[in-house]
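Undergrad:
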Amino acid sequence: MIEARFTKDASGWSEMLITGHAGSGEYGFDVICASVSMLAFNFVNSIEEMTGHEPALELVDDGGYLKVSKPSGFTEQQEQVWQTLFQSIVIGFENLAENSPEYVRQPVIY
Numbered sequence: 005m006i007e008a009r010f011t012k013d014a015s016g017w018s019e020m021l022i023t024g025h026a027g028s029g030e031y032g033f034d035v036i037c038a039s040v041s042m043l044a045f046n047f048v049n050s051i052e053e054m055t056g057h058e059p060a061l062e063l064v065d066d067g068g069y070l071k072v073s074k075p076s077g078f079t080e081q082q083e084q085v086w087q088t089l090f091q092s093i094v095i096g097f098e099n100l101a102e103n104s105p106e107y108v109r110q111p112v113i114y
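Take 5 as the starting number for the sequence shown in this note's numbering and just add one per residue.
1. Does the separation of the CB atoms of L100 and S39 fall below 7 Å?
2. Closest to S73 by C-alpha separation, out of I6, A8, S104, E19, would be which residue?
3. Let's see if you can read the secondary structure: which residues bound the alpha helix (DSSP H) around I95?
4. Would you kindly report the start and end of the unbroken alpha helix (DSSP H) that includes V40?
5. Kindly list the residues whose CB is nearer than 8 Å to the CB of G77, restricted to its own chain and excluding five residues on each side of it in sequence; keep chain order.
6. Got a sec? Which residues, its chain only, sit under 7 Å from I113 by beta carbon, not counting five neighbours each side?
7. Please report how far the alpha carbon of T23 lies from the alpha carbon of A14, in whole angstroms.
8. By the 10 Å Cβ neighbour count, where 16 or more other Cβ atoms means buried, how is L43 classified, buried or exposed?
9. On the DSSP letters alone, give me the boundaries of the beta strand (DSSP E) that R60 sits inside.
10. Would you give the residue range spanned by the beta strand (DSSP E) that M20 belongs to?
11. In or out: L70 buried (at least 16 other Cβ within 10 Å) or exposed?
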């Protein structure tokens, strides 16, 4: 089961933690895991491309754990990009969990 935890405070979204494995198919052919990976890495790549900042990443090599934290030093415009893209990944996870509840839990927001 894949679980996602998103952290939001008064200043907005700051961190996401994705853990687990879907187990919806054999290794290398698991479309749910591939969907989660695509959402997460598209988010990270988009942040880098659109803000020029790299988010802080913690990644376990064999998968099943990814933590992405907001980098410091954003301008107001870069912060807006971060918040918009972050909201987009939350929506993506909510949709994936709704459509594949046996493999992805609804995201938890702290």
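Cβ atoms here follow ideal geometry from the backbone N, Cα and C, with glycine treated the same way.
TA: Short version:
1. yes
2. Looking at the Cα atoms, E19 is the closest of the given residues.
3. 80-103
4. 35-55
5. H57
6. Within its own chain, the residues whose Cβ lies closer than 7 Å to the Cβ of I113, once the five positions on either side in sequence are excluded, are F10, K12, listed in chain order.
7. One C-alpha to the other measures close to 25 Å.
8. buried
9. At residue 60 the sequence reads Ala, which differs from the Arg that was named. It spans 60-63 - the beta strand (DSSP E) in which A60 sits, taken as one unbroken run.
10. 16-23
11. buried
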